[in-house]
Amino acid sequence: MITAMREYFRGMKLILLIVGVAFVATSLVFYGSTSLRGESGRASAQVASINGEEIPPARFQRVLRNYLEYYRRTYQQNLTPEMAERVGLTQQVINELIQEALILQQAKREGITVSDEELRLRIQAIPAFQEDGRFSLDRYKLVLKENRMDPNDFESEVRRDMLRQRMEALVKDGIKVSDAEVEQAYGIRYERVRAEWAYVEAAPLMAQVTVSDADAEAFLKTHAARFSRPERRKVQYALLAPKAFAQVVSDQDAETYYKEHGAEFERPKRLKTAHILVRVPPTGGSEAENKSRAKIAEAIRRVKAGEDFGKLAKEISEDTATAGQGGELGFVGKGEMVPQFEEGVFALKKGEVSPQPVRTPFGYHAIKVLDVQDAGVQPFREVAPKIKEKLGAERSERAAQAKADEARPALAAGKDFAADAKQLGLEVKETTIARGDGLEGIGRDPGLEDALFGLAVGGVTPPIKTAVGIMIAKVTEQFAAGVPPFAEVKDRVVESIKRERAQAAAEERAKALGASVGAGDLLAAARRDKLPGGETPLFSRAEPPKEREALPGAVLLAALQTPAGKVSEPVKTATGVYIVQTLERRAADPQGFDKSRDQLRTQVLEQKRAFAWERWVKALYAGAKIKVQGETVGVN
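For the numbering used here, count along the sequence shown from 1 and bump the result up by 37.
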C-alpha cells in the first residue's frame, strides 16, 4: 500500500504515449475458433479492424510474444510459435484484441477516463516495482527492461486495463441475489452425476491428412497474420561489462568523497508509521463513502479506548500487503506519499493516532506514528560501504567506456567484426532480432533498438551504454517485415492445415460414435472402436472426481449438464474431442443447505456479476463492424 503512495515523479511531467502494446488477457467472452472466416485469398494490411480501428500485424506480434514469454515464465518451458498455433493461442490473441477494442470504444463513448494521477498510483502499487515494500523508480525501469517493454508502452497498457476494469465495475454494480437463486444454486452445485466418456485424439488423424501446395498457399494468404514476421536485423555485438574492469576504492578515497559531498548524507526526519485502511468502492456513491469513513472512525475510537492498533489493523485493514504486520509501513519521509497521507502523518507525534479519518485516493485511513527518526547526518562508518560501491561502479564504468572508445575505430574500419573484436580481447555474439526481442545478456533497450534499426547493413554503432555495460554492434543483414516466402513457412502452414482438418475429423468421429450409442453403453462402443475411454465416480460441481486432472473441466461440465441416459455433444479441446454419456443423477441433500447458504450467496453474486459482464461484452458485438484479414466476421 505504501508503495502506491510514493511520489517518485517529483519534478517530472508524466507523459504517456498512446501506442499499441500487449493486451493483458482478462476477457470472459471469446470468439470461437471457427468464427474468424477470412477465406478470400487476399492478404490484409492489418490483422483486424473493429469499427474502423485497426490492429496492425506488428501489434499482434508483440501481444503474441508477451503471451509466449508469460508461458515460459509460468511453466518454465518455451512455447514456440508453432506450439502456440497448435493450442489455439494465436487465435485467442486475435479474439482478445478485438474484444479489448470494443470495450474501450464503449468507454470512450460513455466518457470514462483514467487520469494521470490514478495511473501513477496504480503503477506504484505493483509489487514487482517495490524494494523493501516501497516503490523504486530504478526497479521499475529495470523490470520493464528485463521484460522488453518501453515505459511509455507499459503505462499505456496499464491505462487501458484500468479503463476496462472501470467499465466492468460499472456494469456489475447493482447486481443482487435472491433467496430463491441461492437455493437453486445449491441444488445445481451439489447434484451428483456418474458418467462414461470416450476420447478421439486429433494427432493420429493428422497423418491421414494430405495438403497440396495450392491449398497451403491459399491458407497462407488468408491467414497471413499468423505467419507474418516484423522487420529483423542480423547483428554481431560485443558487450563490455563494467565488472570485467573492476576498480579498487580505498578508505581514503571514500572518506574524501564523504567530506566533499556532505549534503548527500543528510538524513531528513522520518516517521515509522502504521495505518488501517478501509477502501471506498469506485462506484459506491455517498453511502459507500460514509460507511468507509464510519468504519475508520470506529477503529480510532477503539484505539483511544485502549485496544491495540496492530491487532485492529489485522482485523480491519483492507491493505492486504500490511495488515498481517499490524499495518506497519516502515519509516517514511516527506515527499514519499500522497499529500493527504503525508499531512496526516507529519501532524502526529510519536505514539499518537490521527484524531479523524484521513481521506486519500485509496479510501479512509487511521494513522499511528510508532517511532521518530530525527534529521541529522549519517556517520561515515554507516555509509562507507555504499560510497565504495558507488565509486567502484563509476570507475569500472569509465574503464569499460574507455576500452570501448579505444576499440570502436578498429571495429568500424575492419572487414571482419568478430575477428577484429577477438584480437582486441572482446567476446562477440551473433543473433537475429526484431524490435522488442532484446539481446542475450542485455535484454530489451529501446535506445539500443533505435540505434540498431537506424543503421544500414555494414554499419557499426558507437559505444552504447546499456543497463549491463557498454555495447558495440554491427548490422550484417536486414530482413524486411512481412510474410516470408512460401517455401520458408510451408511446413508450418501445412501443419496448421492438418491440425484444423484433424480436429474437424475428430469431431465428426465423436458425433458418429455418440449417434451409434443411443441409450446404450458408450464405454463399450469406445473399446469396440479402440478409442480411449473411462467411467467417473459420482461427482458434483462442489466435489469433482479426484482423478479430474485426467479429464478437462469442459468434459466434466458436459456430464453435469447432460440428462441421464443421454449422450453429450462433442466437447472440443486443444488436442482432440471428448464425448460423454451421463449414467446417473442424484439430487443434492437438502440438509446441507443451511451450512452452505452464506458462502453460496457470495459465490452466486460473483457468478451473476460475471454473467452480467459477459452479456454486456457480447452485446458490444451486435452491430459492430469487425473484419479479420479484410473479411467481415460474425459471432458464434
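All C-beta atoms in this analysis are idealised placements derived from N, C-alpha and C, irrespective of residue type, glycine included.
Looking only at its own chain, which residues have a Cβ that is under 6 Å from the Cβ of residue i, when we skip the five neighbours before and after it?
i	result
V604	G551, V554, Q618
R176	F166, E168
G347	G363
K662	N88
S64	A caution first: S64 carries a pLDDT of 26, below 50, which makes its placement in the model too unreliable to give a value.
Q98	P267
R203	I149
E90	A138
S329	V315, V317, G400, Y401
A144	L200, M204
A595	S605, V608, V617
A656	none
V689	This structure does not reach residue 689, given that the chain is present from 38 up to 673, and the question cannot be answered.
G381	S391, V395, I404
Determine the closest residue to residue i out of the options, with distance taken between C-alpha atoms.
i	options	result
V409	F383, A403, E419	F383
P499	G557, E545, A439	A439
S433	L385, Q362, I507, E545	I507
E365	P376, Q377, L349	L349
A542	Y658, V246, D626	V246
R435	K452, I501, S329	I501
Y223	I470, P607, E379, S577	S577
D252	F523, L620, Q644	F523
P589	A283, W234, R229	W234
R270	K341, L158, D474, V208	D474
V180	D482, E514, V494, K306	D482
V520	L242, A493, K258	K258
V214	P569, R638, I225	R638
G484	V494, A493, A504, G496	A504
R634	T293, V195, Y107, R226	R226
D345	G372, V369, G388	G388
L277	E106, G462, F256	G462
G557	M186, A601, Q515, T573	A601
A624	V230, R157, Q142	V230
V375	A162, E324, A342	A162
Q129	E147, I479, L141, L105	L105
R338	S391, N327, Q460, H298	S391
R418	E486, K386, E292, T513	E292
L597	A611, A587, T573	T573
V420	F516, I353, K535, A300	A300
I212	G660, V665, E643	E643
T513	S533, K535, L489	L489
Name, in chain order, the residues that DSSP records as bridge partners for residue i.
i	result
E467	Q273
S391	Per DSSP, none; premise fails for S391.
F516	R269
R171	E168
M508	L276, I501
W234	G571, V617
Y401	V315, R396
T310	G367, V406
A85	I92, V665
G478	Partner(s): none; G478 has no beta bridge.
E303	V414
R99	BP columns for R99 are empty, so no partner.
R229	R623
Leaving out five residues on either side along the sequence, give the residues of the same chain with a beta carbon under 7 Å from the beta carbon of residue i.
i	result
E477	K466, T468
Q377	V395, R396, T397
A254	Contrary to the premise, residue 254 reads as Glu rather than Ala in this sequence. Once the five neighbours on either side are set aside, the close Cβ partners of E254 are F523.
V641	V214, E218, V219, A222
F648	none
Excluding the five sequence neighbours on either side, which residues of its own chain have a C-beta within less than 8 Å of the C-beta of residue i, listed in chain order?
i	result
F630	E220, Y223
A455	Q273, V465, E467
A437	L277, A278, P279, A281, F282, G506, I507
V195	L156, R159, I160
P305	G370, K371, A412
Any alpha helix (DSSP H) of 4 or more consecutive residues that is wholly inside the stretch 181-211: Runs of the alpha helix (DSSP H) inside the stretch 181-211: 188-209.
Start-end ranges of the beta strand (DSSP E) lying completely within the stretch 574-648, minimum 3 residues: For the stretch 574-648, whole beta strand (DSSP E) runs of length 3 or above, ordered along the chain, are 613-623.
Every unbroken beta strand (DSSP E) within the stretch 347-371, with a cutoff of 3 residues, ordered by chain: The stretch 347-371 contains these whole beta strand (DSSP E) runs: 365-369.
Stretch pair the stretch 149-166 + the stretch 192-211: three plus CB contacts closer than 8 Å: Cβ pair count under 8 Å is three or more, so yes.
Meets three-Cβ-pair contact criterion under 8 Å: the stretch 392-406 and the stretch 303-311: Yes: at least three Cβ pairs fall under 8 Å.
The stretch 416-431 contacting the stretch 323-342, beta-carbon criterion three pairs below 8 Å: Not touching, per the Cβ criterion.
Sequence ranges, beta strand (DSSP E) only - wholly within the stretch 408-474, length at least 3: Uninterrupted beta strand (DSSP E) stretches at least 3 residues long and entirely within the stretch 408-474 occur at 465-471, given in chain order.
Three-pair Cβ contact test at 8 Å for the stretch 233-250 versus the stretch 646-660: Output reads no: the stretch 646-660 does not touch the stretch 233-250.
Contact the stretch 526-536 vs the stretch 256-267: 3+ CB pairs below 8 Å: Counting C-beta pairs closer than 8 Å gives three or more between the stretch 526-536 and the stretch 256-267, which meets the contact rule.
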